[in-house]
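Numbering (the working numbering), first residue to last: 589 to 798.
Glycine included, each C-beta is placed from N, C-alpha and C at the ideal position.
Put into structure tokens, the structure is as follows:
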């Protein structure tokens, strides 16, 4: 079995990187608060599925295109930014009703849609592609077998760590939100905060350079 020589460095870096806030964390928190822990777990699973798409892309070299082509990078970047802004605007327009089942506000998303939105948030973030392309090869060793499979294993470990961290986040957030679920003020502030943060993240993504 392939084990990187700097395994402790790799694991420490993977944990720190997964603890960094971003669109994925915001989406998981929003879904958990609005629809419960199952929705949170599904959003995490969707995001991690999107991350695995980037892992395979990095392993077969597709991510290299994003790293070298300004046009390809820009297209993915702006589509991803527009998607985040759209989600943020929807949250702001909800006015807290998305957290009030049966209120006639924004409809609760289906499990399938929660999963797909999570996957799209990650797939449409070119920074994730560049991250895997830059980070994973540092721990691969050509003398120890197929680089392709080494990258797949390393990427899978990073995604596995993400699932654990995000799972703990969902459990903690779920416990807190259950006690505040009926609060109109809480619901409005959650929608406002998540909406502003998502729009801000979308604008930041649109301004980022390679």
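For residue j and residue i, believed in contact at Cβ under 8 Å, the rounded distance
i, j, result
"residue 703", "residue 756", "Between residue 756 and residue 703 the Cβ distance is about 20 Å, and since that is not below 8 Å, they are no contact."
"residue 763", "residue 672", "Residue 763 to residue 672, Cβ: 27 Å. No contact."
"residue 669", "residue 794", "4 Å"
"residue 610", "residue 619", "Not confirmed; about 15 Å, so no contact."
"residue 621", "residue 760", "No, residue 621 and residue 760 are not in contact; Cβ-Cβ is about 11 Å, not under 8 Å."
"residue 624", "residue 710", "With 8 Å as the limit, residue 624 and residue 710 do not qualify as a contact, their Cβ atoms being about 22 Å apart."
Residue i classed as buried or exposed, judged by whether at least 16 other C-beta atoms fall within 10 angstroms
i, result
"residue 676", "buried"
"residue 714", "buried"
"residue 784", "exposed"
"residue 630", "buried"
"residue 645", "buried"
"residue 663", "exposed"
"residue 649", "exposed"
Cβ shell of residue i (< 6 Å), same chain only, five flanking positions each side left out
i, result
"residue 708", "none"
"residue 754", "616 and 632"
"residue 742", "724 and 727"
Alpha-carbon to alpha-carbon, residue j and residue i
i, j, result
"residue 640", "residue 747", "7 Å"
"residue 751", "residue 681", "30 Å"
"residue 667", "residue 647", "23 Å"
"residue 689", "residue 696", "With a pLDDT of 44 at residue 689, under the threshold of 50, the predicted position of this residue should be treated as unreliable, though the coordinate-derived value follows. One C-alpha to the other measures close to 8 Å."
"residue 712", "residue 665", "7 Å"
"residue 789", "residue 595", "32 Å"
"residue 657", "residue 698", "36 Å"
"residue 635", "residue 758", "13 Å"
"residue 777", "residue 678", "14 Å"
"residue 705", "residue 735", "31 Å"
"residue 717", "residue 613", "17 Å"
"residue 626", "residue 781", "22 Å"
"residue 701", "residue 674", "15 Å"
"residue 655", "residue 722", "10 Å"
"residue 731", "residue 779", "51 Å"
"residue 597", "residue 745", "13 Å"
Enclosing alpha helix (DSSP H) for residue i [first to last residue]
i, result
"residue 710", "699 to 711"
"residue 612", "611 to 623"
"residue 721", "714 to 723"
"residue 727", "That residue, residue 727, is in no alpha helix (DSSP H); it is neither H nor E in DSSP."
Closer than 7 Å: residue i CB and nearest the ligand COA heavy atom
i, result
"residue 715", "No copy of the ligand COA occurs in the structure displayed, which carries no ligand at all."
Neighbourhood of residue i by C-beta, 7 Å cutoff - its chain only, sequence neighbours within 5 removed
i, result
"residue 653", "660"
"residue 540", "Residue 540 falls outside the range modelled here, since the chain spans only 589 to 798, and no answer is possible."
Contacting residues, own chain, Cβ-Cβ under 8 Å from residue i (five flanking each side not counted)
i, result
"residue 749", "599, 602, 603 and 606"
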